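K.L.:
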Amino acid sequence: MQCPICKTRLQTTNSRKTNSGASTWRRRHCPNCKITLTSREVLDLSSLIQINNKNYSRLKLTAKLARISSGSLEEDIANIVDTIESRLLSLTRHNHQITEDIYTQEVLSVLKKIDRPSYLRFLAQLEED
Ligand SMILES: [Zn+2]
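Per my numbering, residue -9 is the first one in the sequence shown, and the count goes up by one each step.
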């Protein structure tokens, strides 16, 4: 990966897998500008996970969670999405058809455990629809 400022090749100074193992976080350093950047590699699972026979969208789920969890850190939302994705992937591996209802239940179940205020807002939003 190149430095966005001077195009020098960045050096990785630290990296770790996130809790679910679905993504990798890296800290990178530019030896020329001396800046430090972080990156997050995420597997694109959109073609692997089907919801009502349509490709799953990490972007849509992230946007929805960002809307309902006002004030949550970007990294916390990404971790929630990672956890939801690994559950969806597990269902897919076991050849379960994922309907919109199952998808919603998976999202709710993860939110209930990790982020109770967002869980309640998500639930309230469902009742409005
Ligand atoms: Zn640079």
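C-beta atoms are modelled at their ideal positions from N, C-alpha and C, and glycine is treated no differently. Values in this document were obtained by computation on a predicted structure and should not be read as measured data.
1) In chain order, what residues of the same chain have a beta carbon less than 6 Å from the beta carbon of T3, not counting five sequence neighbours either side?
2) Which two residues bound the contiguous alpha helix (DSSP H) that contains L51?
3) Throw me the rounded Cβ distance for the S62 and D34 pair, which I believe falls under 8 Å.
4) Evaluate contact between the stretch 83 to 90 and the stretch 99 to 115, counting only Cβ atoms and requiring at least three cross-stretch pairs below 8 Å.
5) Say yes only if the C-beta of I41 is nearer than 6 Å to one or more non-hydrogen atoms of ligand 1, and no if none qualify.
6) Taking only the alpha-carbon atoms, compute the straight-line gap between K24 and P(-6) and give it to the nearest angstrom.
7) Kindly identify the DSSP beta-bridge partner or partners of E31.
8) When the Cα atoms are used, what is the spatial distance from A53 to E96?
9) Note down, in chain order, each residue of its chain lying with its Cβ closer than 8 Å to the Cβ of I58, except the 5 sequence neighbours on either side.
10) Going by C-alpha distance, which of L0, K(-3), V32, Q(-8) is nearest R6?
11) Sort out for me which residues DSSP pairs I88 with in a bridge.
P.N.:
On the basis of the data shown:
1) Here the set comprises R17, H19.
2) 48 to 58 is the span of the alpha helix (DSSP H), which, as asked, contains L51.
3) About 23 Å separates the beta carbons of S62 and D34, which is beyond the 8 Å limit, so they are not a contact pair.
4) With a cut-off of 8 Å, the stretch 99 to 115 and the stretch 83 to 90 do not count as touching, because too few Cβ pairs lie within range.
5) Flag unset: Cβ of I41 not near ligand 1.
6) Roughly 12 Å separates the two Cα atoms.
7) E31 is bridged to T14.
8) The straight-line gap separating the alpha-carbon atoms of A53 and E96 is approximately 17 Å.
9) Here the set comprises S108, R111, F112, Q115.
10) With distances taken between CA atoms, R6 lies nearest to V32 out of L0, K(-3), V32, Q(-8).
11) Per DSSP, I41.
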